[in-house]
Amino acid sequence: MTDWTETYRPTTLSEVRGNNKARDKLEEWAKSWDDHRKSVIVHGSPGVGKTSAAHALASDMGWPVMELNASDSRGADVIEKIAGEAAKSGTLTAGEAGRRLVILDEADNFHGNADYGGSREVTRVVKDANQPIVLVANEFYDMSNSLRNACETIEFRDVSKRSIVPVLRDICRREGVEFEEEALEKIAESTSGDLRSAVNDLQAVAEEAERLTVEDVVTSERDTTEGIFDFLDELIKEKDAEGALRASYDVDETPDKLLNWIEDNVPKDYEGAELADAYGFLSNADRWLGRVRATQDYSYWRYATDNMTAGVAASRRGDKGGWTRYGPPSYWSKLGRTKGTRNTRDSIAERIAEREGTSVATVRREILPFLSAMTHHCNNRDLTVRMAAAYDLDESEVSFVTGSGKDTNKVESIVEDAAELKAEAAVEHSGNAFFEAERSSADSEGPAVDGKSEEESDESDEQQALTATGADDGSGTESASDDAAETDEPDDDQSGLSDFF
């Protein structure tokens, strides 16, 4: 039996269910693309129809599709392909108005490549694209601020039960499956707004039953919180190494999140040497996950999972009876409390990284602490003003770096002075462009040279000749005026930390 999610994938935008406003907004973006020429980020939970809507849009517009997946290969390979497709002239491609739609699926996975320039390069590509680009993402805020700001955004929300049931009913009729309405409603309820999962569940049940009834609908429980608690109990108290590893296959969590659950709960039952051994295996797992983030090679996940499950179970010494209150990782609540602060930090780091030609991680680890120490509480005011000007920092960002209150008069005055400093620098670096016209008009007024009469000019020429003769007497010294000219000549524009010195 073929996959029903592919068989019944919508072919036009009118067939996309449950997100009418988002669908209409996507259509409007495509029809007006020649006016704004911006890429669009389509984001929302898995299974709500984001990628299907993008393909349906291309079908409606008559545009050929180039689809890429950010998780399929290294970031550089994907970026090169995106750039190649996005740079093509519209007159050289097929389709209406010579357009081609570039779809980048799982675009939020580029945040893992940020330190290798991946996110920055994608931002550059989408800004300069000659073809429309749709970036599909599950986690909108995992994408860099610069990439989000460079694109239009459209959110696809979870599909409601009343939108899922008609889709399931239509598939049953096309496939000749008899059904009870209550059975379809139960499937729709259990999938929590995930239309793709609802279709998969329907197909799984229909393969086993001649007539679909409520009793036949036994869908998997999608409340992963309950599942993870059962797994923790088995891992920490019951299973041996092999059993713990096998039990992890049924947990709907990525290795990164699974590691957070285990490391936060294992001290509630382990102690002494067994806890030390367990944390030794967890640290090994963390190193393997670090390799995944560094290389984007997800085959290393298996080694991380082996250590965090089989290794932790093998560390157990003796029976662990009774009931233990396990809870979600405290790390997650900390992330929630510090989300605003981290967004500010990352925004500053990305700006500095782009200007200094370094990685975001290097900025966060080395440059930001350096700046913070040098401008602590704005004590070095001149340096703080120059920093704010160099990196275009607002009040909240200056406050973050210096540790001063963003609403204080001191910070506000620093931002104002930084704006004046940038304006002065813009004029200074413009060269003589503003004065060429003035000089030209002065030259055309008469025989005077530099505002002097011809007689005064002749006397000046004689004096210059005498000065030149005196300077060229073989002593090898240069005139004081030459030294002054060299001293006053401005240096080439240097960006970044060199501005502070």
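Going by the UniProt record's numbering, the first residue of the sequence shown is number 1, and it counts up by one from there. Glycine included, C-beta positions come from ideal geometry on N, C-alpha and C.
### Task
Tell whether a beta-carbon distance below 8 Å holds between residue 16 and residue 58.
Working through the sequence shown from its first residue, we reach residue 16 at position 16. Working through the sequence shown from its first residue, we reach residue 58 at position 58. No, Cβ-Cβ distance for residue 16 and residue 58 is not below 8 Å.
### Query
How do the segment 288-297 and the segment 309-318 stand: do at least 3 beta-carbon pairs fall below 8 Å, yes or no?
no
### Query
Whose CA, out of 146, 241, 281, 274, lies closest to the CA of residue 259?
Here the question's residue 259 lines up with position 259 in the sequence shown. It is 281 whose Cα lies nearest to the Cα of residue 259.
### Nonlocal neighbours in the same chain, by C-beta distance under 8 Å from residue 472, ignoring five residues either side
In the sequence shown, counting from the first residue as 1, residue 472 sits at position 472. Annotation note: pLDDT 47 at residue 472 (below 50); position unreliable, coordinate value reported separately. Within the same chain, residue 472 has no close Cβ partners at all.
#### Entry: Beta-carbon proximity check, residue 309 vs residue 235, cutoff 8 Å
Here residue 309 refers to the residue found at position 309 of the sequence shown. Here residue 235 refers to the residue found at position 235 of the sequence shown. Yes, the pair counts as a contact, with Cβ atoms nearer than the cut-off.
### Query
residue 156 and residue 19: beta carbons closer than 8 Å?
Here the question's residue 156 lines up with position 156 in the sequence shown. Here the question's residue 19 lines up with position 19 in the sequence shown. Yes; because the gap between Cβ atoms is below 8 Å, this pair is in contact.
### Message
Using a Cβ distance threshold of 8 Å, determine whether the segment 194-210 contacts the segment 28-42, with at least three qualifying pairs required.
### Response
no
### Message
If contacts are defined as beta-carbon pairs under 8 Å, then residue 158 and residue 193 qualify, I think. What distance do you get, rounded to the angstrom?
### Response
Translated into the one-based positions of the sequence shown, residue 158 becomes position 158. Translated into the one-based positions of the sequence shown, residue 193 becomes position 193. 3 Å between Cβ atoms; contact.
#### Entry: 6 Å CB neighbourhood of residue 226 in its chain, flanking five on each side removed
Your numbering for residue 226 matches position 226 in the sequence shown. The pLDDT assigned to residue 226 is 47, lower than 50, so where the model puts this residue is not dependable, and the model offers no usable value.
### Query
Using the C-alpha atoms, what's the distance from residue 376 back to residue 509?
No answer is possible for residue 509: it lies beyond the span of the chain, which begins at 1 and ends at 501.
### Query
Bridge partners of residue 122, per DSSP?
Position 122 of the sequence shown, counted from the first residue, corresponds to residue 122. DSSP lists no partner for residue 122.
### Message
Are the CB atoms of residue 240 and residue 313 within a distance shorter than 8 Å?
### Response
Here the question's residue 313 lines up with position 313 in the sequence shown. Here the question's residue 240 lines up with position 240 in the sequence shown. Cβ distance < 8 Å, so residue 313 and residue 240 count as in contact.
### Query
With DSSP run on the structure shown, which of helix, strand or coil describes residue 212?
Counting from one through the sequence shown, the residue named residue 212 turns up at place 212. If DSSP states are grouped into helix, strand and coil, residue 212 belongs with the strands.
### Message
I need the straight-line Cα distance from residue 326 to residue 257, nearest angstrom please.
### Response
In the sequence shown, counting from the first residue as 1, residue 326 sits at position 326. In the sequence shown, counting from the first residue as 1, residue 257 sits at position 257. Distance between the alpha carbons of residue 326 and residue 257 is about 15 Å.
### Query
For the candidate residues 100, 25, 347, 196, whose alpha-carbon lies nearest to that of residue 61?
As a position in the sequence shown, residue 61 is number 61, starting the count at 1. That would be 100, whose Cα lies nearest to the Cα of residue 61.
#### Entry: Beta-carbon proximity list for residue 3, same chain, < 6 Å, skipping 5 on both sides
Position 3 of the sequence shown holds residue 3. Nothing meets the Cβ criterion.
### Query
When you compare each of 23, 398, 32, 64 to residue 49 by their alpha carbons, which one comes out closest?
Residue numbering aside, residue 49 sits at position 49 when the sequence shown is read from its first letter. Of 23, 398, 32, 64, the residue nearest in Cα terms is 23.
### Query
Which term fits residue 220, buried or exposed, when burial requires 16 or more other beta carbons within 10 angstroms of its beta carbon?
Here residue 220 is taken as the residue at index 220 of the sequence shown, counted from 1. Reliability fails at residue 220, whose pLDDT of 41 lies under 50, so the model's placement of it is uncertain and no value is given.
### Task
Quick one: residues in its chain with C-beta nearer than 7 Å to the C-beta of residue 196, no 5 flanking neighbours on either side, listed in chain order?
Here residue 196 refers to the residue found at position 196 of the sequence shown. Result list for residue 196: 5, 47, in chain order.
#### Entry: Unbroken alpha helix (DSSP H) run spanning residue 370, endpoints
Here residue 370 refers to the residue found at position 370 of the sequence shown. Where residue 370 is concerned, the enclosing alpha helix (DSSP H) stretches over 368-374.
### CA-to-CA distance, residue 131 to residue 10, given in whole angstroms
Mapped onto the sequence shown, residue 10 falls at position 10. Mapped onto the sequence shown, residue 131 falls at position 131. So the two alpha carbons sit approximately 23 Å from each other.
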